[in-house]
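Visitor: In the working numbering, the protein residues as written are 55 to 431.
(1) Is residue 277 near residue 265, with beta carbons less than 9 Å apart?
(2) Start and end of the alpha helix (DSSP H) containing residue 447?
(3) Specify, as a first and last residue, the run of the beta strand (DSSP E) that residue 342 falls within.
(4) Could you check whether the Cβ of residue 123 sits closer than 8 Å to any heavy atom belonging to the ligand ATP?
(5) Expressed to the nearest angstrom, what Euclidean distance is found between the alpha-carbon atoms of residue 288 and residue 190?
(6) Smallest Cα separation from residue 219: which of 163, 396, 187 and 83?
(7) Contact between the region 300-317 and the region 332-341: three or more CB pairs below 8 Å?
(8) Going by the DSSP bridge assignment, what does residue 201 pair with across the sheet?
(9) Among all the DSSP beta bridges, which residues are the ones paired with residue 248?
(10) Using the three-state DSSP reduction, which class does residue 325 fall into: helix, strand or coil?
(11) Report the option in 268, 176, 194 and 239 whose CA atom is closest to the CA atom of residue 257.
(12) Let me make sure I understand the geometry here. Which of 374, 381, 114 and 353 has the alpha-carbon closest to that of residue 365?
(13) Hey, how far is the Cα of residue 110 from the Cα of residue 326?
(14) The alpha helix (DSSP H) with residue 105 in it runs from where to where?
(15) Looking at the secondary structure, which residues open and close the beta strand (DSSP E) in which residue 125 lies?
(16) Among 77, 98, 81 and 63, which has the Cα closest to the Cα of residue 88?
(17) For the beta strand (DSSP E) that residue 227 lies in, which residues bound it at each end?
(18) Short check: CB of residue 168 to CB of residue 198, under 9 Å?
(19) So if DSSP puts residue 162 in a beta bridge, which residue, or which two residues, is it bridged to?
(20) Judging by CA-CA distance, which residue of 226, 175, 118 and 193 is the nearest neighbour of residue 203?
(21) With a threshold of 16 other CB atoms inside 10 Å of the CB of residue 347, please say whether the residue is buried or exposed.
(22) Would you be able to state if there are at least three C-beta pairs under 8 Å between the region 227-247 and the region 67-86?
(23) Roughly how many angstroms lie between the CA atoms of residue 285 and residue 166, to the nearest whole one?
(24) The alpha helix (DSSP H) spanning residue 312 covers which residue range?
(25) Applying the criterion that 16 or more other CB atoms from any shown protein chain within 10 Å of the CB defines a buried residue, is residue 282 buried or exposed?
(26) Can you tell me the Cβ-Cβ gap for residue 361 and residue 295, rounded? I've got them flagged as a contact below 8 Å.
(27) Leaving out five residues before and five after residue 357 in sequence, what residues of the same chain have Cβ atoms less than 8 Å from its Cβ?
(28) Considering only residues of the same chain and omitting the five flanking positions on each side of residue 125, which have a CB-CB separation below 8 Å?
(29) Can you look up residue 182 in the DSSP assignment and give me helix, strand or coil?
(30) With DSSP as the reference, identify every bridge partner of residue 435, one or two as the case may be.
(31) Answer yes or no: do residue 432 and residue 171 have a C-beta to C-beta separation smaller than 9 Å?
(32) Roughly how far, in whole angstroms, is the beta-carbon of residue 271 from the beta-carbon of residue 250, given that I think they are within contact range, below 8 Å?
(33) Please classify residue 445 as buried or exposed, where buried requires at least 16 neighbouring CB atoms within 10 angstroms.
(34) Answer with buried or exposed for residue 312, where buried requires no fewer than 16 other C-beta atoms within 10 angstroms of its C-beta.
(35) Determine the burial state of residue 354: buried for a count of at least 16 other Cβ atoms within 10 Å of its Cβ, exposed for fewer.
Here it is, written out as structure tokens:
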């Protein structure tokens, strides 16, 4: 048996599988202009799987895409992701086992009914259930601070479903990704009863559009709808969390949504999917671009373009408590304005307790002591 020849054949097959996968899934076709030249570029050099992977790394690097890469260690995989199951696609460059992570979701309620909800990541299948439990703890709040600082994204589908806690209806986001017949366009929506997504395949012709069956889901209760909302963000707020911000701001009630942060968000309007090549190897590919309800694209995290979300109130040098305190102050202003508007209509008077500084959440999690401290100041 010619072991060397077998190893070479296996290596070539592995390299070609990666080449073929990227060629049909990578979103930006302009970066694939010379992709055909890579198919047999290393045929004479590949004599093992190890050499195939080295050559594949060079091939992937030619795309100049930070996020398209091979994933080596199985321990880095959170869960399998189907090539055709974009909502479950996992984003990011590294993963920490769930047991080693701090709580991804927590909430707290102050005595004066300011709610605080932190979502650190959307990178777990049960994040919507965790958010629902956290929202229920602050359901009686008059207004809410949504903390998405440091949330680098995760599962787009789950992030969009979480919008249902804040919104009654509307278009949430539009995703575009490659399809064998052209372009596939996916849109996420909310109405009174459902959270749903629609898919259309656009072919080469202007009228060549195929509408696929709509995926319908029972929506989450809009527990926080109509309550003034302040969103905390920073430069590490990215991808799926940026999608959520766009949906909440552009579908929110005018004058009742405000953004506070230390810098613009990452501007990551792209999404990745993980594809299994072997039981020990996956390749992550930038497969889609996503757009805000108004059609804006946030860019590709500065690789060619960056259009991050700018905070309306800037807090320089925020280390955590500073921006949280500003957010609480902005929320109080919104609540006072809301009460004044209600008072002019109903003849009610302003509640002076709204100006109280004793605003520490009575249900503050021990993993976020700064939340209680900052809101109290």
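We put the beta carbon where it would ideally sit given N, CA and C, even for glycine.
Guide: Taking the geometry as given:
(1) Position 223 of the chain shown, counted from the start, is the residue given in the question as residue 277. Position 211 of the chain shown, counted from the start, is the residue given in the question as residue 265. No. Outside cutoff.
(2) The structure shown does not extend to residue 447, since the chain is modelled only from 55 through 431, so no value can be given for it.
(3) In the chain shown, the residue the question calls residue 342 occupies position 288. For residue 342, the enclosing beta strand (DSSP E) has its first and last residue at 335-345.
(4) In terms of ligand content, the structure shown is empty, and the ligand ATP therefore cannot be addressed.
(5) Stepping through the chain shown from its first residue, residue 288 is reached at position 234. Stepping through the chain shown from its first residue, residue 190 is reached at position 136. Within the model, the alpha-carbon separation for residue 288 versus residue 190 is close to 26 Å.
(6) For this step, residue 219 is matched to residue 165 along the chain shown. Closest in alpha carbon position to residue 219, among 163, 396, 187 and 83, is 187.
(7) Result no; under three Cβ-Cβ pairs closer than 8 Å.
(8) In the chain shown, counting from the first residue as 1, residue 201 sits at position 147. DSSP lists 172 and 286 as the bridge partner or partners of residue 201.
(9) Residue 248 sits at position 194 when you count from the first residue of the chain shown. Residue 248 pairs with 272.
(10) Stepping through the chain shown from its first residue, residue 325 is reached at position 271. Assignment of residue 325 by DSSP, reduced to helix, strand and coil, places it in the strand class.
(11) Looking up residue 257 in the chain shown gives position 203. The shortest Cα separation from residue 257 among 268, 176, 194 and 239 belongs to 239.
(12) Working through the chain shown from its first residue, we reach residue 365 at position 311. For residue 365, the nearest C-alpha among the options comes from 381.
(13) The residue you call residue 110 lines up with position 56 of the chain shown. The residue you call residue 326 lines up with position 272 of the chain shown. Straight through space, the alpha carbons of residue 326 and residue 110 are spaced by roughly 18 Å.
(14) Here the question's residue 105 lines up with position 51 in the chain shown. Counting along the chain, residue 105 sits inside the alpha helix (DSSP H) bounded by residues 103-115.
(15) Within the chain shown, the letter at position 71 stands for residue 125. For residue 125, the enclosing beta strand (DSSP E) has its first and last residue at 123-125.
(16) Here the question's residue 88 lines up with position 34 in the chain shown. The residue with the shortest Cα to Cα distance from residue 88 is 77.
(17) Working through the chain shown from its first residue, we reach residue 227 at position 173. Where residue 227 is concerned, the enclosing beta strand (DSSP E) stretches over 224-233.
(18) Walking along the chain shown from the start, residue 168 turns up at place 114. Walking along the chain shown from the start, residue 198 turns up at place 144. Contact flag set, yes.
(19) Stepping through the chain shown from its first residue, residue 162 is reached at position 108. Beta-bridge annotation (DSSP): residue 162 is paired with 170.
(20) For the purposes of this step, residue 203 is taken as the residue at position 149 of the chain shown. When only C-alpha atoms are compared, the closest one is 175.
(21) Counting from 1 along the chain shown, the entry for residue 347 is found at position 293. In this structure residue 347 is buried. Its beta-carbon is surrounded by 16 or more other beta-carbon atoms within 10 angstroms.
(22) Yes: at least three Cβ pairs fall under 8 Å.
(23) On the chain shown, residue 285 is found 231 positions in, with the first residue counted as 1. On the chain shown, residue 166 is found 112 positions in, with the first residue counted as 1. One C-alpha to the other measures close to 19 Å.
(24) Position 258 of the chain shown, counting from 1, holds the residue named residue 312. Where residue 312 is concerned, there is no enclosing alpha helix (DSSP H), although the beta strand (DSSP E) it sits in stretches over 311-315.
(25) To locate residue 282, count along the chain shown from 1; it is residue 228. Residue 282 comes out buried.
(26) As a first step, residue 361 must be located in the chain shown, where it is residue number 307. As a first step, residue 295 must be located in the chain shown, where it is residue number 241. The Cβ separation is near 15 Å, so there is no contact.
(27) Against the chain shown, residue 357 aligns to sequence position 303. The answer, listed in chain order, is 118, 119 and 120.
(28) The residue labelled residue 125 in the question sits at position 71 within the chain shown. Closer than 8 Å at the Cβ level, and outside the excluded window around residue 125, lie 131, 328, 335, 336, 337 and 338.
(29) Here residue 182 refers to the residue found at position 128 when the chain shown is read from its first residue. Helix, per DSSP.
(30) In this structure the chain extends from 55 to 431, so residue 435 is not present and cannot be described.
(31) Look at the range of the chain in this structure, 55 to 431, and you will see that residue 432 is not part of it.
(32) Within the chain shown, numbered from 1, the residue matching residue 271 stands at position 217. Within the chain shown, numbered from 1, the residue matching residue 250 stands at position 196. Correct: roughly 6 Å between the Cβ atoms.
(33) Outside the displayed range of the chain (55 to 431) lies residue 445, so it cannot be described from this structure.
(34) Taking the first residue of the chain shown as position 1, residue 312 is located at position 258. Result: buried.
(35) As a first step, residue 354 is located in the chain shown; it is residue number 300 there, counting from the start. Burial call: buried.
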